[in-house]
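Worksheet for the structure shown next.
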Amino acid sequence: KNEVEQSPQNLTAQEGEFITINCSYSVGISALHWLQQHPGGGIVSLFMLSSGKKKHGRLIATINIQEKHSSLHITASHPRDSAVYICAAIYGGSQGNLIFGKGTKLSVKP
Amino acid sequence: DTGVSQNPRHKITKRGQNVTFRCDPISEHNRLYWYRQTLGQGPEFLTYFQNEAQLEKSRLLSDRFSAERPKGSFSTLEIQRTEQGDSAMYLCASSLASRSNTQYFGPGTRLTVL
Numbered sequence: 012k013n014e015v016e017q018s019p020q021n022l023t024a025q026e027g028e029f030i031t032i033n034c035s036y037s038v039g040i041s042a043l044h045w046l047q048q049h050p051g052g053g054i055v056s057l058f059m060l061s062s063g064k065k066k067h068g069r070l071i072a073t074i075n076i077q078e079k080h081s082s083l084h085i086t087a088s089h090p091r092d093s094a095v096y097i098c099a100a101i102y103g104g105s106q107g108n109l110i111f112g113k114g115t116k117l118s119v120k121p
Numbered sequence: 138d139t140g141v142s143q144n145p146r147h148k149i150t151k152r153g154q155n156v157t158f159r160c161d162p163i164s165e166h167n168r169l170y171w172y173r174q175t176l177g178q179g180p181e182f183l184t185y186f187q188n189e190a191q192l193e194k195s196r197l198l199s200d201r202f203s204a205e206r207p208k209g210s211f212s213t214l215e216i217q218r219t220e221q222g223d224s225a226m227y228l229c230a231s232s233l234a235s236r237s238n239t240q241y242f243g244p245g246t247r248l249t250v251l
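Below you can see the structure in the form of C-alpha cells.
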C-alpha cells in the first residue's frame with residue numbers, strides 16, 4: 012500500500028529555532044512534494060524533490076532515496092512560518108495524483 | 138493567490154440536497170485534480186482529468202459524486218443526496234503535464250452538511 016507518514020504531528024517552537032519535519036514513504040515514488048497549508052485551507056507548493064536537496068530562503072528540503080525519507084528544515088523560524096506542513100508523494104505509475112501525509116502543525120511563538 | 142479559483146468558498150446544505158462546486162484552473166494547465174480534506178487529515182485524492190478526459194477516480198468517489206471538465210478548462214464536482222460524512226474541504230489543483238508536475242491548489246470549498 013502506498014503510504015506517507017509524517018512526524019511530528021504537532022510542533023511548537025520559539026522564534027529563531029531550527030525546525031525539522033520528517034516524512035517517510037513506501038518504495039516506488041517518482042517525486043515528493045512539500046506543501047504549506049495556512050488556516051482557511053490555501054495550499055502552496057514549497058518544493059518538489061526526486062533526489063538530493065533543495066533550498067529556498069530559510070527552507071531546506073532533503074530526500075534520501077535509499078532510506079525512503081525526506082526532511083523539511085526551517086532555519087531561524089518566525090511566527091509567520093506557523094502553518095501545517097504536508098508531505099505528499101507521487102508514486103510511479105500514477106497519473107500524478109498526490110498521496111498526502113496527515114501534516115505537521117507548526118506553531119512558532121514570538 | 139495561485140491562479141486557481143474555486144467557487145463557492147463555503148457551502149452549507151441540508152442532508153439529502155445536491156451541491157455543485159466549480160474549479161477554474163490556471164488557463165494553460167491541462168491537468169486538473171480534485172481532493173477532499175477532512176478535519177485534521179491530509180487531503181485525499183478523488184479524481185483527475187487530463188484535458189476533458191477523466192482518467193482516474195478514487196474508490197472514495199462513490200456513485201453520488203460526479204465530476205466533469207467539459208471543455209478541458211473549468212471543472213465541476215457534484216455531490217448528490219449529500220450525507221453528513223461528505224462535510225469536508227474540497228480542493229482543486231491544476232498542473233501542466235511535465236516532469237515536475239507541480240500542482241497549484243485553489244483555496245478550496247468548505248462543505249458543511251447539516
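Chains as they are written, first to last, in the numbering used here: chain A, 12 to 121; chain B, 138 to 251.
The C-beta atom is built at its ideal place from N, Cα and C for all residues, glycine as well.
Amino acids of chain B, ordered along the chain, whose beta-carbon sits closer than 8 Å to that of residue i
| i | result |
| --- | --- |
| S56(A) | T239, Q240, Y241 and F242 |
Contact check, residue i vs residue j, beta carbons under 8 Å
| i | j | result |
| --- | --- | --- |
| L228(B) | I149(B) | no |
| G114(A) | V15(A) | no |
| A230(B) | F242(B) | yes |
| F136(B) | S195(B) | Given that chain B is displayed from residue 138 to residue 251, the structure contains no residue 136(B) and the question cannot be resolved. |
| L46(A) | I97(A) | yes |
Neighbour list for residue i in chain A, Cβ cutoff strictly below 7 Å
| i | result |
| --- | --- |
| G179(B) | I97, F111, G112, K113 and G114 |
| L233(B) | Simply none; closest approach about 11 Å. |
| F158(B) | Correct list: empty, because the minimum Cβ distance to chain A is about 13 Å. |
Interface residues of chain A facing residue i [CB-CB closer than 9 Å]
| i | result |
| --- | --- |
| T139(B) | G53, I54, V55 and S56 |
As assigned by DSSP and simplified to three states, the class of residue i
| i | result |
| --- | --- |
| R91(A) | helix |
| D161(B) | strand |
| Q20(A) | coil |
| G222(B) | helix |
| R168(B) | strand |
| A234(B) | coil |
| G63(A) | strand |
| H84(A) | strand |
| F29(A) | coil |
| S203(B) | strand |
| Q47(A) | strand |
Chain A contact residues for residue i, given Cβ-Cβ distances below 8 Å
| i | result |
| --- | --- |
| L169(B) | Those within 8 Å of L169(B) in chain A number zero; the least Cβ separation is about 11 Å. |
Outcome for residue i when other beta-carbon atoms lying within 10 angstroms are tallied against a minimum of 16
| i | result |
| --- | --- |
| H89(A) | exposed |
| Q154(B) | exposed |
| V95(A) | buried |
| Q25(A) | exposed |
| R206(B) | buried |
*asked:* I want to know whether the stretch 141-148 of chain B touches the stretch 68-84 of chain A - three or more CB-CB distances under 8 Å.
replied: Contact fails: fewer than three Cβ-Cβ distances are below 8 Å.
*Any contact of the stretch 71-81 of chain A with the stretch 32-45 of chain A, i.e. 3+ C-beta pairs under 8 Å?*
The stretch 71-81 of chain A vs the stretch 32-45 of chain A: in contact.
*Report yes or no: do the stretch 208-218 of chain B and the stretch 159-179 of chain B share at least 3 C-beta pairs separated by less than 8 Å?*
Cβ pair count under 8 Å is three or more, so yes.
_Stretch pair the stretch 157-167 of chain B + the stretch 52-60 of chain A: three plus CB contacts closer than 8 Å_ = A contact between stretches requires three or more CB pairs, one per stretch, nearer than 8 Å, and the stretch 157-167 of chain B fails this requirement with the stretch 52-60 of chain A.
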